[in-house]
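S.K.:
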Amino acid sequence: MHYSAIIATVFSGNTWVPLSLDMPTERIMDILTLAAPDVLLTSHKFSPAELGRFQSLVSSVLFFEDMVGFKGSRVTGWRKIRNTDIAIIYFTSGSTGKPKGVKISFLNISAALTSISPIIGSKKLVWGDYHDLGFVISINILFTCLYCNGRIFCANDRYDQISPNKSLVKNKVSCLVTVPSTLERMRRAKHFFSVFKSLTIVASCGDPLPLDLLKEFVSRRKIKVFNFYGSTEITTWAFYHRCLYSDLKTFSNYGYAPLGEIISGNKFLISSDGLLLISGPQVTPGYIGEPEKSHLIELDGQEWFSMGDIVDVMHGKIICKGRQDNQIKLSGYRIHLMDIEAQLRKLSGVEAAICYLSNGIEKSDKSDQKITAVLFTDETFSLSYVRKKLQKFLPSYMLPRKVFCIKKIRFNKNGKIDRLGIINRLNAGEID
17 MHYSAIIATV FSGNTWVPLS LDMPTERIMD ILTLAAPDVL LTSHKFSPAE LGRFQSLVSS
77 VLFFEDMVGF KGSRVTGWRK IRNTDIAIIY FTSGSTGKPK GVKISFLNIS AALTSISPII
137 GSKKLVWGDY HDLGFVISIN ILFTCLYCNG RIFCANDRYD QISPNKSLVK NKVSCLVTVP
197 STLERMRRAK HFFSVFKSLT IVASCGDPLP LDLLKEFVSR RKIKVFNFYG STEITTWAFY
257 HRCLYSDLKT FSNYGYAPLG EIISGNKFLI SSDGLLLISG PQVTPGYIGE PEKSHLIELD
317 GQEWFSMGDI VDVMHGKIIC KGRQDNQIKL SGYRIHLMDI EAQLRKLSGV EAAICYLSNG
377 IEKSDKSDQK ITAVLFTDET FSLSYVRKKL QKFLPSYMLP RKVFCIKKIR FNKNGKIDRL
437 GIINRLNAGE ID
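According to this note's numbering, the sequence shown holds residues 17 to 448 in order.
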């Protein structure tokens, strides 16, 4: 039903605004306020209080189960869809504590599909979809599947999303687009070797792809493995790399699969300070409530979007060396840490807060990265208390997994909180 609603919405020239049941009510309210949709389509039975709040912001709320018996009606006078019309609005983490709505036009989607589909290169594949529809990766699953005349199976429950091996085998899925953390869970779960009976294409995206994980897949000769790179603001992917077994040696010093090469139709530029800039028809027009193209910079008469990543060239391929600012990527989601910090500062007794991405027990191990929160307060807050408070405003993937409470704030010479100094002291065990 969800797929049908999405296809009907977009193909009729309307705008789809993805929501998720993982989102707390307050975040949904923020999105509805910013997007101002006419209709809310849902399969979820909200409480009367929640439903009343939603109905105050939309013209109508329609439930899928009430539409099952609807036989349809003939529509005349379809309006012409213009390239600049908005097809989808994806909401991402915002630096102000409020979500930011990225407007994706029909031109953006058309450009992405026509450029990305030939890379996948196969028709009539069986696709597996194990992700939240509110994740921009859905463009490269649902719409590319349709474009390539394929079939699609989705997760039946949360377990399938966490570990899709059983579903992959049962449905004979041949094409899987997912994030490295899911591939890692697949590797550790039952039925891992069975997935290769039908799986022929694996596309990794959203986070760096570690070589030790890549090895598990490129070792299978019949499998095509791709590493894709991009962001919501450029309609998903702008770089790709066809992974080979030789990459394990070629990029051993780097430790990850490279971003690779630019996808046809796009242009890239590396600034003097190493920032990756993207230009082309996939670059979106901007954010809801902000001037169009205000997210772009102009160089030599051409507009570019800064990816916020520092890159370099290794063996003729682009590699990513890290983020420019405190915007991070975790489990495929691009997250502004300031968004989390804004909510932490609302806790009673908290003077200030900072967040950072920390590794597992082994400091070089990035497979167990987590968001760590540092609260400057005289109080002592438990992790469960902080997560319970924040889950009213933030989705689960943005909740801290570790919390430190510190009484004294350290400042740098500019009078700002000494983020780096505090983080280094925590990592060194100098602060409990």
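For every residue, glycine included, the Cβ atom is placed at its ideal position computed from N, Cα and C.
Please read all numbers here as calculations on a predicted model, not as lab measurements.
What does the alpha-carbon distance come out to for the pair proline 416 and arginine 98?
M.R.: Spanning the two alpha carbons is a distance of roughly 42 Å.
S.K.: Rounded to a whole number of angstroms, what is the C-alpha to C-alpha distance between isoleucine 387 and tryptophan 94?
M.R.: Rounded to the nearest angstrom, the two C-alpha atoms are 47 Å apart.
S.K.: Take every Cβ of the stretch 154-164, pair it with every Cβ of the stretch 121-130, and state whether three or more of those distances are shorter than 8 Å.
M.R.: Contact between the stretch 154-164 and the stretch 121-130 is present, because at least three Cβ pairs lie under 8 Å.
S.K.: The beta strand (DSSP E) spanning histidine 207 covers which residue range?
M.R.: Neither: histidine 207 is in no beta strand (DSSP E) and is coded neither H nor E.
S.K.: Any idea which residues DSSP pairs alanine 369 with across the strands?
M.R.: Alanine 369 pairs with Leu391.
S.K.: Considering only residues of the stretch 246-334, which uninterrupted beta strand (DSSP E) runs meet the minimum length of 3 residues and lie entirely inside it, listed in chain order?
M.R.: Here the runs fully enclosed are 252-259, 283-286, 291-295, 313-315 and 318-330.
S.K.: Would you kindly work out how many angstroms separate the C-alpha atoms of leucine 291 and valine 327, rounded to a whole number?
M.R.: Their Cα atoms are separated by approximately 6 Å.
S.K.: Whole angstroms are fine: how far does the CA of leucine 442 sit from the CA of glutamine 407?
M.R.: The straight-line gap from Cα to Cα measures roughly 25 Å.
S.K.: Answer yes or no: do isoleucine 351 and tyrosine 413 have a C-beta to C-beta separation smaller than 9 Å?
M.R.: Closer than 9 Å, so yes.
S.K.: Can you have a look at glutamate 378 and say buried or exposed, based on whether 16 or more other CB atoms are within 10 angstroms of its CB?
M.R.: Residue placement at glutamate 378 is poorly supported in this model, since its pLDDT is 48, which falls under 50; the coordinates still yield a value, given next. Exposed is the call here.
S.K.: Mind checking which residues open and close the alpha helix (DSSP H) that includes tyrosine 8?
M.R.: This structure does not reach residue 8, given that the chain is present from 17 up to 448, and the question cannot be answered.
S.K.: Going by CA-CA distance only, name the one from Leu312, Glu306 and Ser197 that's closest to glycine 222.
M.R.: Per the Cα distances, Ser197.
S.K.: According to DSSP, simplified to helix, strand and coil, what is phenylalanine 233?
M.R.: It is helical.
S.K.: Find out if the Cβ-Cβ distance for the pair valine 33, isoleucine 47 is shorter than 9 Å.
M.R.: Yes, the pair counts as a contact, with Cβ atoms nearer than the cut-off.
S.K.: Going by beta carbon distance, what residues of the same chain come within less than 8 Å of threonine 396, once the five residues before and after it are set aside?
M.R.: Cβ within range, chain order: Cys421.
S.K.: So, does the stretch 130-150 touch the stretch 34-41, judging by three or more C-beta pairs under 8 Å?
M.R.: Yes: the two stretches touch, three or more of their Cβ pairs being nearer than 8 Å.
S.K.: Could you give the residue range of the beta strand (DSSP E) that holds threonine 194?
M.R.: First-last of the beta strand (DSSP E) with threonine 194: 191-194.
S.K.: Counting only beta-carbon atoms, is leucine 353 nearer than 9 Å to chain C?
M.R.: In the structure shown, chain C does not exist; there is a single protein chain.
S.K.: Rounded to a whole number of angstroms, what is the C-alpha to C-alpha distance between glutamate 446 and serine 364?
M.R.: Cα-Cα distance, rounded: 26 Å.
S.K.: Provide the residue span of the alpha helix (DSSP H) that contains aspartate 359, from first to last.
M.R.: In the sequence on display, residue 359 carries glutamine and not aspartate. That run of the alpha helix (DSSP H) goes 353-360.
S.K.: Going by the CB atoms, is the gap between leucine 123 and threonine 100 shorter than 9 Å?
M.R.: Result yes, Cβ atoms of threonine 100 and leucine 123 sit closer than 9 Å.
S.K.: Can you give me the C-alpha to C-alpha distance between leucine 78 and aspartate 54, rounded to a whole angstrom?
M.R.: About 11 Å.
S.K.: Among the residues of its own chain, which have a CB less than 6 Å from the CB of glutamate 319, if the five just before and after it don't count?
M.R.: Result list for glutamate 319: Leu312, in chain order.
S.K.: Less than 9 Å between the beta carbons of threonine 248 and serine 121, yes or no?
M.R.: Their beta carbons are not under 9 Å apart, which means threonine 248 does not touch serine 121 by this criterion.
S.K.: Using a threshold of 9 Å, state whether the C-beta atoms of leucine 360 and leucine 391 are closer than that.
M.R.: Cβ atoms of leucine 360 and leucine 391: closer than 9 Å.
S.K.: Buried or exposed: where does isoleucine 370 fall if 16 or more other Cβ atoms within 10 Å of its Cβ makes it buried?
M.R.: Isoleucine 370 is buried by the Cβ-count criterion.
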